[in-house]
Amino acid sequence: MNQPATQQPMSELELLRMQMNAKTDETLESTRNMVRMCDESTKVGAQTLGNLESQGQQLRGIDSNMDTIREDLHEAQHNLDELEKCCGLCVLPWRKVKPDTRSPKYPSSRNGYPTGTSNNYSNPYQPRQGLQQQQYQQQTGPFINRITNDDREDEMEQNLQQVSGMVSQLHTMATDMNQEITTHNQIIDRINQKAEVNQSELSYAQKKADKFLGQPSKPNQNNSILPSSTSLTAAKMLLK
Numbered sequence: 001m002n003q004p005a006t007q008q009p010m011s012e013l014e015l016l017r018m019q020m021n022a023k024t025d026e027t028l029e030s031t032r033n034m035v036r037m038c039d040e041s042t043k044v045g046a047q048t049l050g051n052l053e054s055q056g057q058q059l060r061g062i063d064s065n066m067d068t069i070r071e072d073l074h075e076a077q078h079n080l081d082e083l084e085k086c087c088g089l090c091v092l093p094w095r096k097v098k099p100d101t102r103s104p105k106y107p108s109s110r111n112g113y114p115t116g117t118s119n120n121y122s123n124p125y126q127p128r129q130g131l132q133q134q135q136y137q138q139q140t141g142p143f144i145n146r147i148t149n150d151d152r153e154d155e156m157e158q159n160l161q162q163v164s165g166m167v168s169q170l171h172t173m174a175t176d177m178n179q180e181i182t183t184h185n186q187i188i189d190r191i192n193q194k195a196e197v198n199q200s201e202l203s204y205a206q207k208k209a210d211k212f213l214g215q216p217s218k219p220n221q222n223n224s225i226l227p228s229s230t231s232l233t234a235a236k237m238l239l240k
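With UniProt numbering applied, the sequence shown corresponds to residues 1 to 240, in that order.
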């Protein structure tokens with residue numbers, strides 16, 4: 001009868017090769033995971049920048065509407081001033097309306113807004129500013145010291161090249177997000193200042209209109225800054 005062949009123990013060299021291959025496979029899988037995570041982060045960053053851009057457009061629209069409200073308030077106040085100078089059908093020229101100095105300084109919207117981010121982040125690394133590119137240079141490799149010099153190490157090198165590019169892209173995205181958020185905060189502060197001024201002017205015009213129409217002025221904490229009150233509308237209609 002044939003005796004079963006006994007398995008020969010691996011030599012030290014074979015054991016080292018087996019461990020090296022296992023470590024190479026593990027490292028290759030790690031680089032693949034890095035590529036997947038960076039790709040997911042890039043997609044999330046691009047979506048976040050898109051949301052910030054949309055929010056910025058809405059804030060700029062609100063800021064512009066505040067200017068429109070102020071213009072409407074000025075028109076209504078001018079109409080009330082003209083009515084205040086009249087007595088029946090006779091204009092009283094000696095009743096000059098004094099310039100209005102009651103309102104605080106109105107924030108200017110003519111200074112221009114910092115432009116929002118509009119880069120196409122589906123493209124490879126594209127720094128928005130030359131200085132930024134100088135401050136954060138993309139590493140080009142080589143990233144690994146070759147040992148087996150096989151296809152697995154070629155793929156590792158390619159994966160790390162992709163990771164380097166996506167990390168540089170994420171750095172640019174983070175810089176743009178910070179700039180966009182800073183711009184949003186500036187616009188929000190300006191909107192709040194304009195809202196306070198418009199609210200003050202609306203209350204003043206409301207009291208003047210109520211006084212002209214012979215109605216008692218009642219404080220109303222829920223007055224909207226929109227120039228749509230009945231008294232202001234009546235004042236406009238009387239001059240048409």
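Just so it is clear, CB atoms sit at the ideal spot from N, CA and C, and this is done for glycine as well.
DSSP three-state assignment for GLN179, whether helix, strand or coil: Working through the sequence shown from its first residue, we reach residue 179 at position 179. Three-state result, GLN179: helix.
Tell me the rounded alpha-carbon separation between ALA46 and THR183. Taking the first residue of the sequence shown as 1, we reach residue 46 at position 46. Taking the first residue of the sequence shown as 1, we reach residue 183 at position 183. Computed Cα separation, rounded: 18 Å.
Could you give the distance in angstroms between the alpha-carbon of LEU170 and the alpha-carbon of ASN33? As a first step, residue 170 must be located in the sequence shown, where it is residue number 170. As a first step, residue 33 must be located in the sequence shown, where it is residue number 33. About 17 Å.
Integer-rounded CB distance, given that ILE187 should sit under 8 Å from ARG70: For the purposes of this step, residue 70 is taken as the residue at position 70 of the sequence shown. For the purposes of this step, residue 187 is taken as the residue at position 187 of the sequence shown. Beta-carbon to beta-carbon, ARG70 and ILE187 are separated by about 16 Å, too far to satisfy the 8 Å threshold.
To the nearest angstrom, report how far apart SER168 and SER54 are at their CA atoms. Locating residue 168 in the sequence shown gives position 168, where the first residue counts as 1. Locating residue 54 in the sequence shown gives position 54, where the first residue counts as 1. Going from the Cα of SER168 to the Cα of SER54 covers about 24 Å.
Assuming contact is defined by CB atoms lying nearer than 8 Å, are MET173 and LEU49 in contact in what I supplied? Counting from 1 along the sequence shown, the entry for residue 173 is found at position 173. Counting from 1 along the sequence shown, the entry for residue 49 is found at position 49. Yes, Cβ-Cβ distance for MET173 and LEU49 is below 8 Å.
Alpha carbon to alpha carbon, how far is ASP150 from MET37? Residue numbering aside, residue 150 sits at position 150 when the sequence shown is read from its first letter. Residue numbering aside, residue 37 sits at position 37 when the sequence shown is read from its first letter. The alpha-carbon atoms of ASP150 and MET37 are separated by roughly 25 Å.
First through last residue of the alpha helix (DSSP H) which encompasses LEU52: As a position in the sequence shown, residue 52 is number 52, starting the count at 1. Element bounds for LEU52: 12-84.
By how many angstroms is the C-alpha of PHE143 removed from the C-alpha of ARG17? Taking the sequence shown and counting its residues from 1, the one referred to as residue 17 is at position 17. Taking the sequence shown and counting its residues from 1, the one referred to as residue 143 is at position 143. Each residue's Cα considered, the two are about 22 Å apart.
Tell me whether ASP150 sits in a helix, a strand or coil according to DSSP, three-state version. Position 150 of the sequence shown, counted from the start, is the residue given in the question as residue 150. The three-state reading of DSSP puts ASP150 in coil, since its state is none of H, G, I, E or B.
For LEU202, tell me which candidate among LEU73, PRO9 and GLY56 has the shortest Cα-Cα distance. The sequence position of residue 202 within the sequence shown is 202, counting from 1. A check of alpha carbon separations from LEU202 across LEU73, PRO9 and GLY56 identifies LEU73 as the nearest.
Note down the Cα distance separating ASN192 from GLN199, rounded to an integer number of angstroms. Position 192 of the sequence shown, counted from the start, is the residue given in the question as residue 192. Position 199 of the sequence shown, counted from the start, is the residue given in the question as residue 199. C-alpha separation (whole angstroms): 10 Å.
If you check the beta carbons only, do residue 268 and ARG190 fall under 8 Å apart? Because the chain is modelled from 1 through 240, residue 268 falls outside the range shown and cannot be assessed.
Can you check whether the CB of MET156 is closer than 8 Å to the CB of LEU52? Locating residue 52 in the sequence shown gives position 52, where the first residue counts as 1. Locating residue 156 in the sequence shown gives position 156, where the first residue counts as 1. Not closer than 8 Å, so no.
Is MET10 buried or exposed, if buried means 16 or more other CB atoms sit within 10 Å of its CB? Position 10 of the sequence shown, counting from 1, holds the residue named residue 10. Counting Cβ neighbours within 10 Å, MET10 comes out exposed, since fewer than 16 surround it.
Given a cut-off of 8 Å on the beta-carbon distance, is the pair THR148 and THR42 in contact? The count along the sequence shown starts at 1 and reaches residue 148 at position 148. The count along the sequence shown starts at 1 and reaches residue 42 at position 42. Cβ atoms of THR148 and THR42: not closer than 8 Å.
Tell me the DSSP secondary structure of ILE191 in three-state form. Position 191 of the sequence shown, counting from 1, holds the residue named residue 191. Residue state for ILE191 is assigned as helix, using DSSP reduced to three classes.
Mapping DSSP to helix, strand and coil, what is TYR121? Sequence index remark: in the sequence shown, residue 121 carries index 121 (1-based). Residue placement at TYR121 is flagged as unreliable, the pLDDT there being 41, under the threshold of 50; a coordinate-derived value is accordingly withheld.
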